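Step one of this worksheet: look at the structure below.
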Amino acid sequence: MRGTRGYLAPEWLSGEAITPKADVFSYGMLLFEVVSGRRNRDLLEDGTDDYFPTRVVDVINRGDDVLTLLDSTLEGNATMEELTRACKVACWCIQDNEKDRPTMGQIVQILEGVSEVGTPPMPRFLQNLSGNPADGAINFQETSSEA
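Heads up: the sequence shown runs through residues 1 to 147, numbered per full-length UniProt numbering.
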């Protein structure tokens, strides 16, 4: 097995068959870092562990201001719609079940604004970190938006 811890899809660790969706998981983890401008996991001064993907899922599901997630060096210079779209895509990419992850083709369409994306549920591995109850609803939308 090769890969960087924190970017590996759950199926690498469980011994399930590896498909291109394992790379989608890794892409989602990388997209979180692009949005935030930092590593996904930081040890805070008070000794607590700050895991950025958990914060993104919480902000998206609560409907809070996604600009709070943006790399501070960008000084808020981002389109709210594009930032929300990128955060939702990243959240869909890291779903526990590879069947719930989009394909790379779908990701491109969503990021380009050609397709819509629904609010993703919190993956189980993040629920364990955040203590949030499971939300089993899957609502990834594969519809094209009218342009």
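Here a beta-carbon is modelled for each residue, glycine too, at the ideal position from N, C-alpha and C.
Fair warning: this is a prediction, and the values are worked out from it, not measured in the lab.
Member of the options whose CA lies at the smallest distance from the CA of residue i
| i | options | result |
| --- | --- | --- |
| Glu84 | Asp100, Ile110, Asp96, Gly47 | The question names Glu, but residue 84 is Thr in the sequence shown. Ranking Asp100, Ile110, Asp96, Gly47 by Cα distance to Thr84 puts Ile110 first. |
| Arg55 | Glu112, Gln106, Glu33, Ala78 | Glu33 |
| Pro20 | Glu112, Glu82, Lys99, Leu74 | Lys99 |
| Ile60 | Asn40, Glu45, Val117 | Val117 |
| residue 204 | Thr48, Gly15, Val57, Asp49 | Given a span of 1 to 147 for the chain in the structure shown, any question on residue 204 remains unanswerable. |
Per-residue DSSP class, three states only, for residue i
| i | result |
| --- | --- |
| Arg124 | helix |
| Arg101 | coil |
| Arg62 | helix |
| Leu30 | helix |
| Thr79 | coil |
| Val74 | For the sequence presented, residue 74 should be read as Leu rather than Val. It is helical. |
| Glu16 | coil |
| Thr84 | helix |
Any chain C beta carbon closer than 8 Å to residue i
| i | result |
| --- | --- |
| Val56 | Absence of chain C from the displayed structure is noted, only one protein chain being present. |
Beta-bridge partners of residue i, as assigned by DSSP
| i | result |
| --- | --- |
| Leu111 | Paired residue(s): none; Leu111 is not in a bridge. |
| Leu43 | Asp49 |
Buried versus exposed call for residue i [16 or more other C-beta atoms within 10 Å across all chains shown]
| i | result |
| --- | --- |
| Ala17 | exposed |
| Leu43 | exposed |
| residue 233 | Given a span of 1 to 147 for the chain in the structure shown, any question on residue 233 remains unanswerable. |
| Met29 | buried |
| Met80 | exposed |
Original post:
Between the segment 35-49 and the segment 70-87, do at least 3 Cβ pairs fall closer than 8 Å?
Top reply: Contact between the segment 35-49 and the segment 70-87 is present: 3 or more CB-CB pairs across the two stretches fall below 8 Å.
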